[in-house]
Amino acid sequence: MTGLSSYQIPLLEGIRTVLLERGYSVVVHLHDLSSAELPWQLRCLLTHGRPAGVIASGCVTAAQDEQVRRLVTEHGIPTVHLGKDLPGETCVRGDNVQGMAALMAHLLDEHGARRPAFIRGTAHQPDHRDRERVFREELARRGLPVDEELVIEGGLHQTPRVRALRALLSARPDLDALVASDDIAAIFAVDILAELGWQVPRDIAVTGFDNHPSATLTWPAITSVDQNLVLQGTTAATALLYLMTGAAPGEHHYVPCRVVVRGSTRRQDTLTTDDGLGVESVARLAQQHLSEQNNLMRLSRSLIDCRTPEDIRATLADELGPLGIRRCFLALRQDALHGDPAAVGGVEEGHSPTALVMDYRDQGSHPVPGAPFTSCLLPEALQGELDTGFLVVQALHAGEEELGHQLLEVPLGTSAITETLRLDVGKALRAALDTRELRDTVHELRREMEERRRAEAQLQLSSTVIDQTADGIAIVDSRARILSLNPAFAAMTGYPVAELTGRSITLLRLRQEGDTFRTVREALLGQGHWEGEMWSRRRDGEQSLARVSVSGVGTPGQEPDQYVVVCNDVTELRRKDEFIQHLALHDELTGLPNRALLTDRLTQRIALARRHGEPLGVIFVDLDRFKMINGSYGHEVGNELLTTMAVRLRDVLRDSDAIARVGGDEFVVVLTRAGGPEDYAAVAQRIIAQLSRPVTVDGHQLRVGASVGIACFPDDGGEAVALTRNAEAARHSAKSAGGGTYCFFRPEMTTQAQLQLQLEMDLREAVESGGLELFYQPKVLLPGGDLCGAEALVRWRHPVRGMVGPLEFIPLAEERGIICDLGSWVLDEACRQSRAWRDAHGRTVKIGVNVSAVQVQQSDLVKQVVASCYRHEVESADIEVELTESSIMDNLDEVSETFSDLRGIGVTVAVDDFGTGHSSFAYLRDLPVDVLKIDRAFIMNVENKVKDREILKTIVTLAQALSLDVVAEGVETRNQADLLASFGCRTAQGYLFARPLPAAEFADTYLARAA
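Take the sequence shown: its position 115, counted from the start at 1, is 116 in this note's numbering, and no numbers get skipped.
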């Protein structure tokens, strides 16, 4: 193209947005599409301009497109193609299929069209073919027939095509929609419909495609599909950045389109001024366009009067600013200046070098004395970032003669400006070239150019740049002798420059990754160039890896006389890559393989076992009590403990066995050639024994155990994931059995594991959404039975399973880390209920709340009690905290401190299930508690076992001696209650008095009656 179109402008805006943020400038080359050959300026940009990357727009001919692909491939330039689907290339284009399908859905489903006609677009363009195909498919998908009479050719600017559309509209008054392949065809169609008396959209709906600006200028405005060109530009620029860093962004990227619904498909009674640009918008655009045209006309008239290059420069310096042009460079071809192209080296055959004749920057013209002829397209004066990010390159012509080119830094949307400058400046320059003044200037220019050429020839002989570059560079002859090298090359090898000069490069003991040296030689003979990675040995004996580029220098078609070797040390980069890869496949804490690497290795070992008909065992190991230790002593202690357990596991296993850490406290062991299930069981026992030994960490003697699950190949699974999953299911069974043991997988375990997982998910949901409830069992005074308190007992009414007992879900909550959230809810709900009873019945009930050892260790229990009491305005003295005796003895020091703090704020502290643990009064003497709750196991036999009666008497007597209250649990008969009263026990609870009751029933039974 020769000017920026409404298609290119948003694409460039998107490209600029991405690339400017990364510090890149964008050069836009505009050219005529009529020629099969690429303009030499574009070839020069690609071959000599050293672009970091190329974005090739879809608006090029097939021949030009193939030339671009060849050039960027030859020069290794990362390239993204816009608007194309090219095999093996990175391409970005709008999703025409999705956009057309959405448009048809709007037309057929929302508007209700049933007899649409289709106006074809350009047949050779894939986009238009896709749109027609989707038109047909969407009709067929809805059971609507495709009438070939209603598919007509486009090109409505041609009289025969207009006649065809008129004839169709006259013959088919039942048409209710016209679907045009592009907006221009839709605009022509609207005009033709208006001439025939059809009203849009009352009589017929009209749609276009591409969301062309002109589609908003009709009445009503045309419904179209926006290809999201800005997003296509940003996507292309982002993909290019990936390619420039060596990444692979994928081949085809389709940017979704959106339907823009306007008046041409709306009901007549819903049309508004929003269905067009509106009077004010049109006036504003017209005024803007008029101002631009006035500036352009003034510039054109001024250029006509120019007679010399100085006149042209002065005119442009005055007129470019109002047009928004920030920079302008004009360069003329040497043959246009009657020069000899052979005098300049490095010029593409058939093309003339150019010399800069104008340098306009920052509102002023800069002198260009003695500017040399050069094959470089971009002038040296163009330094730094462009203000707009865009430099537009256009060839300058006078008729058919090419004079040179202009480079303009322009804002977007200035297609008319760039095209007018291209035409008018070309004519003015042609006239100026014929003047005597220009020939004198050219003569002086040649003289100065020759002086500069000789100076540059001397400069090229200097090796300053090579010596200072960070890349290692060496010149090697055909016998591999090093003729010269720079300091960077010497530094990479560890040899002094003098020692390497004249020596064979084989001194460095080169060895190659990937290609063989034979392949390298063939590449150098065939293409004259090779790139790859090579290992070499430094003078100190260390191995180093370098990215190497070798290019031959000599007569084309013959073996090169010399080779230029450029290398970049990537040893450290390779080490970092290997380290990152190691981290991706190994556990950082223990250094063991992680789950990903385990799955890979297990898959390989399964294949070997299947090939040789051998068994294989997978052992899943879960540390018992680790979460409790981690919560009590902190993550540093927990990490040290895990590291120790990993070492012990390694010591148990053979070198041929594999081990991996797959979770926080979970490990998986793979046993090969170990015999069979009996041997797997023996290994499991050794693992449990090793991991159960005490370990001292940071002064703390810790003891964990292990729950182990075993799955056997091939009986329990034929692939890695299945074996690991089944071993984990067996581990769940071992854990449920109390831990410290192992279980072999059984098929029913999968169902059990799934049920446990579902139960865990349901329990989490119940805790978070209030799906639990508290029942209250009264505590009464003996012997009379008066209410003196209540114990809050959590109940779960499962929506599917019904009532789930606490013996099932409380251990699950502790194992899966839910218990703290559950305990917090119980405490808060008990306080809320206490306040509700007080408000409703004017009576306070002391409520006992059970807490777990995990709550004491992992949460700030005291703060939670204070917060809940404060929130519900409940006295802390009305709350009693109960903890089982066994939990107390497992964490005596920590529990003692927490109990002391609780008593300090007025909370009553009780030892629950007393008698089932250590049952020693020695620890009670120093433990800050208020109440002993005797376990029901002693109560149930008190009537017929003398020893139990004596134990109960002793407990009550000693408790009284320690000023502790005693509560008897599980009292079910009147005789039991009478005996306990006779022993001096004053408080009891059990089924004799009441089962646990819902809050409302408890209040009706005990509080309402008392009131």
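Note that the Cβ used here is the ideal one computed from N, Cα and C, for glycine as well.
- Message: Less than 7 Å separating the Cβ of S869 from some heavy atom of the ligand MG?
- Response: For the structure depicted, the ligand MG is absent and the ligand set is empty, with no information on it obtainable.
- Item | For G803: DSSP bridge partner residues | DSSP, once it has assigned bridges, lists H799 as partnering G803.
- Query: Do the segment 927-940 and the segment 968-982 touch if we need at least three Cβ pairs shorter than 8 Å?
  - Reply: The answer is yes - the segment 968-982 touches the segment 927-940, with three or more Cβ pairs under 8 Å.
- Message: Assess contact between the segment 579-588 and the segment 687-700, defined as three or more Cβ pairs (one per stretch) separated by less than 8 Å. Is contact present?
- Response: Here the segment 579-588 makes no contact with the segment 687-700; the two share fewer than three CB pairs at distances below 8 Å.
- Message: Check whether chain D comes within 8 Å of P715, counting only Cβ atoms and requiring the distance to be less than that.
- Response: Of the chains in the structure shown, none is chain D; there is only one protein chain.
- Item | L764 beta carbon less than 8 Å from that of F810 | Yes, these two residues count as a Cβ contact at 8 Å.
- Query: I think S215 touches I188, with their Cβ atoms under 8 Å apart; what is that distance to the nearest whole Å?
  - Reply: Confirmed, Cβ separation roughly 6 Å.
- Item | C-alpha gap between D1005 and V709, whole angstroms | So the alpha carbons of these two residues sit roughly 51 Å apart.
- Item | Whole-number beta carbon distance between I889 and V912, since they are thought to touch under 8 Å | By a beta-carbon distance limit of 8 Å, V912 contacts I889. Their separation comes to about 6 Å.
- Task: Spell out a yes or no on whether the segment 799-813 and the segment 987-1000 are touching, meaning 3 or more CB-CB pairs, one atom from each, closer than 8 Å.
- Result: When C-beta atoms of the segment 799-813 are compared with those of the segment 987-1000, fewer than three pairs fall below 8 Å, so the two segments do not count as touching.
- Query: Short check: CB of F746 to CB of I607, under 8 Å?
  - Reply: No. Outside cutoff.
- Query: What span of residues does the alpha helix (DSSP H) with E641 cover, start to end?
  - Reply: Unbroken alpha helix (DSSP H) run through E641: H636 to V653.
- Item | Three CB pairs or more closer than 8 Å across the segment 120-134 and the segment 254-265 | Contact fails: fewer than three Cβ-Cβ distances are below 8 Å.
- Message: Judging by CA-CA distance, which residue of K428, T239 and E410 is the nearest neighbour of S301?
- Response: When only C-alpha atoms are compared, the closest one is K428.
- Query: How many Å lie between M101 and L244 at the Cα?
  - Reply: Their backbone Cα atoms lie some 31 Å apart in a straight line.
- Taking only the alpha-carbon atoms, compute the straight-line gap between D840 and R833 and give it to the nearest angstrom. One C-alpha to the other measures close to 11 Å.
- Length-filtered (4 minimum) alpha helix (DSSP H) runs lying within the segment 885-920: Within the segment 885-920, complete alpha helix (DSSP H) segments of at least 4 residues are found at 886-891 and 893-905, given in chain order.
- Query: Considering only C-alpha positions, which residue in the set L501, V566 and V875 is nearest to R539?
  - Reply: Of the listed residues, the one whose Cα sits closest to R539 is L501.
- Task: Thinking R121 and E139 are a contact (beta carbons under 8 Å), I'd like their distance in whole angstroms, please.
- Result: Wrong, their Cβ atoms sit about 16 Å apart, outside the cutoff.
- Item | Rounded separation between T160 and T316 - CA only | When rounded, the distance between both Cα atoms is 45 Å.
- Which one or two residues does DSSP pair with R130 in a beta bridge? Secondary-structure assignment with DSSP links R130 through no beta bridge to anything.
- Message: In this structure, how does DSSP classify R482 when only helix, strand and coil are distinguished?
- Response: Assignment of R482 by DSSP, reduced to helix, strand and coil, places it in the strand class.
- Query: Based on Cα-Cα distance, which residue from E729, A854 and R817 lies nearest to L760?
  - Reply: Of E729, A854 and R817, the residue nearest in Cα terms is R817.
- Task: Please state whether DSSP places S225 in a helix, a strand or coil.
- Result: In the structure shown, S225 sits in a strand (DSSP, three-state: E or B).
- Item | L781: first and last residue of the uninterrupted beta strand (DSSP E) it sits in | Just to set this straight, residue 781 is Val in the shown sequence, not Leu. Looking at the DSSP string, the run of the beta strand (DSSP E) that includes V781 is L773 to L782.
- Complete beta strand (DSSP E) runs within the segment 192-257 (minimum length 3 residues, chain order): Counting only runs of 3+ residues, the beta strand (DSSP E) found wholly inside the segment 192-257 occupies 206-208, 225-227 and 253-256, in chain order.
- Going by other Cβ atoms of all chains shown within 10 Å of its Cβ, with 16 needed for buried, is L486 buried or exposed? L486 is buried by the Cβ-count criterion.
- Item | Beta-bridge partners of F745, as assigned by DSSP | Residue pairing by DSSP puts F745 in a beta bridge opposite I711.
- Query: For R259, which beta-bridge partners are listed by DSSP?
  - Reply: When beta bridges are read from the DSSP output, R259 appears opposite D227.
- Secondary structure of A868, DSSP reduced to three states: Of the three classes helix, strand and coil, the one that applies to A868 here is helix, per DSSP.
- Which value, in whole angstroms, describes the spacing of the CA atoms of L998 and D979? Going by C-alpha positions, L998 is about 24 Å away from D979.
- Query: Between R142 and L230, what straight-line distance do the alpha-carbon atoms span, to the nearest angstrom?
  - Reply: Between R142 and L230, the C-alpha separation is close to 29 Å.
- Message: According to DSSP, is D275 part of a helix, a strand, or is it coil?
- Response: Only weak support is given to the placement of D275: the predicted model assigns it a pLDDT of 43, under 50, and the value that follows is read from those uncertain coordinates. DSSP places D275 in helix when its eight states are reduced to three.
- Message: My output table needs one value for Y564: the three-state DSSP class, helix, strand or coil.
- Response: Correct three-state label for Y564: strand.
- Message: I'd like the span of the alpha helix (DSSP H) that includes A682, first residue to last.
- Response: P678 to S693 is the extent of the alpha helix (DSSP H) around A682.
- Item | A1001, enclosing alpha helix (DSSP H) - first and last residue | Note, A1001: alpha helix (DSSP H), A1000 to F1003.
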